[in-house]
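Going down the list, the protein sequences come from chains A and B. The numbering used here numbers the first residue of the first sequence as 26 and each following residue consecutively. The numbering used here numbers the first residue of the second sequence as 23 and each following residue consecutively. C-beta atoms are modelled at their ideal positions from N, C-alpha and C, and glycine is treated no differently.
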Amino acid sequence: GESVGLHLPTLSVQEGDNSIINCAYSNSASDYFIWYKQESGKGPQFIIDIRSNMDKRQGQRVTVLLNKTVKHLSLQIAATQPGDSAVYFCAENSGYSTLTFGKGTMLLVSP
Amino acid sequence: KAGVTQTPRYLIKTRGQQVTLSCSPISGHRSVSWYQQTPGQGLQFLFEYFSETQRNKGNFPGRFSGRQFSNSRSEMNVSTLELGDSALYLCASSLVQGTKETQYFGPGTRLLVL
């Protein structure tokens with residue numbers, strides 16, 4: 026079946042750096058993508074989303090970029106803080122509230 | 023608004039038993055989805071309910087079942103538990119707005135099968 030996958034399982038950055046987390050998807054028909062953050066012992070927390078008719082969307086300290094040509098998503102976190110340490114998942118909406126998740130990237134932020 | 027709530031938060035069962043997990047969605051949300059999260063398989067879709075009807079189902083055996091009530095609360099049941107069913111079970115609710123269905127997750131129920 027089609028799936029969403031991540032390139033890097035772990036990303037280590039220094040506090041204050043910008044972080045970039047990447048994701049490849051395979052279903053070219055997907056029209057809605059979401060990034061989630063999951064902290065230890067908690068459920069995934071919505072960060073930002075993007076529709077397929079957009080190539081960039083910005084939130085507070087976060088930006089999502091979508092490249093449909095190469096089926097690639099990225100999440101950029103500006104001025105990364107220790108509180109940003111978590112596992113980040115990209116997901117695509119497969120319809121009827123069905124999300125297909127990538128395997129996740131662990132972001133480790135050192136003070 | 024209160025978030026998605028799940029009960030119980032932790033559960034220990036033995037092989038062969040059955041278990042029922044409960045999920046209360048965000049007020050006004052009519053869609054409830056269930057996911058299983060394990061270290062090996064990651065987050066996998068189980069099923070989704072909308073207005074008491076199952077609209078979609080993932081690739082799980084028939085031992086996994088669910089239902090939704092008229093108040094949108096949902097339960098999932100796993101019968102004849104196996105060791106491999108040990109996982110974090112997550113419930114998510116969404117407000118269906120066209121094709122954009124942002125899902126909001128609860129804290130999960132951690133199930134340990136011994």
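Count the other CB atoms, across all protein chains shown, that sit within 10 Å of the CB of residue i; report buried if there are 16 or more and exposed otherwise.
i: LEU31(A); result: At LEU31(A), the pLDDT of 39 sits below 50, so the modelled position is not reliable and the matter cannot be decided from this model.
i: MET79(A); result: exposed
i: LEU186(B); result: As shown, chain B starts at 23 and ends at 136. That puts residue 186(B) outside it, with no answer to give.
i: VAL89(A); result: buried
i: VAL134(A); result: buried
i: THR60(B); result: exposed
i: TYR126(B); result: buried
i: GLY130(B); result: buried
i: PHE91(B); result: exposed
i: GLN39(B); result: exposed
i: THR130(A); result: buried
i: LEU33(A); result: Summary for LEU33(A): the model assigns pLDDT 48, below 50, so the residue's position carries little reliability; its value from the coordinates is reported in the next sentence. Answer is exposed; the Cβ neighbour count stays below 16.
i: LEU105(B); result: exposed
i: GLY84(A); result: exposed
i: ILE34(B); result: exposed
i: PRO69(A); result: buried
i: GLY62(A); result: The identity of residue 62(A) in the sequence shown is Lys, whereas the question assumes Gly. Counting Cβ neighbours within 10 Å, LYS62(A) comes out buried, since at least 16 surround it.
Counting only beta-carbon separations shorter than 8 angstroms, does residue i have a partner in chain A?
i: PHE86(B); result: no
i: ASN78(B); result: yes
i: GLU74(B); result: no
i: SER101(B); result: no
i: PHE200(B); result: Here chain B has residues from 23 to 136 only, and residue 200(B) is not among them.
i: SER55(B); result: yes
i: GLY7(B); result: In this structure chain B extends from 23 to 136, so residue 7(B) is not present and cannot be described.
Does residue i get closer than 8 angstroms to chain B when you measure Cβ to Cβ?
i: ILE59(A); result: yes
List, in chain order, every chain A residue whose beta-carbon is nearer than 9 angstroms to that of residue i.
i: GLU70(B); result: TYR121, SER122 and THR123
i: SER46(B); result: Result: empty, since nearest Cβ-Cβ is about 13 angstroms, beyond 9 angstroms.
Chain B contacts made by the segment 63-90 of chain A, where a contact means CB separation under 9 angstroms
Taking 9 angstroms as the Cβ-Cβ cut-off against chain B, the residues of the segment 63-90 of chain A that qualify are GLN63, GLY66, LYS67, GLY68, PRO69, GLN70, PHE71, ASP74 and ARG76.
Could you name the residues of the segment 111-128 of chain A whose beta carbon sits closer than 9 angstroms to any beta carbon of chain B, in the order they occur along the chain?
PHE114, ALA116, ASN118, SER119, GLY120, TYR121, SER122, THR123, LEU124, THR125, PHE126, GLY127 and LYS128
Chain A contacts made by the segment 105-130 of chain B, where a contact means CB separation under 9 angstroms:
LEU110, LEU112, CYS113, ALA114, SER115, SER116, VAL118, THR121, LYS122, GLU123, THR124, GLN125, TYR126, PHE127, GLY128, PRO129 and GLY130
Unbroken beta strand (DSSP E) runs of length 3 or more, entirely within the segment 28-86 of chain B: which are they?
The segment 28-86 of chain B contains, as complete beta strand (DSSP E) runs of 3+ residues, the segments 32-35, 41-46, 53-60, 64-72 and 75-79 (chain order).
Whole beta strand (DSSP E) elements within the segment 54-134 of chain A, 3-residue minimum:
57-63, 70-76, 81-83, 87-92, 97-102, 111-118 and 124-126
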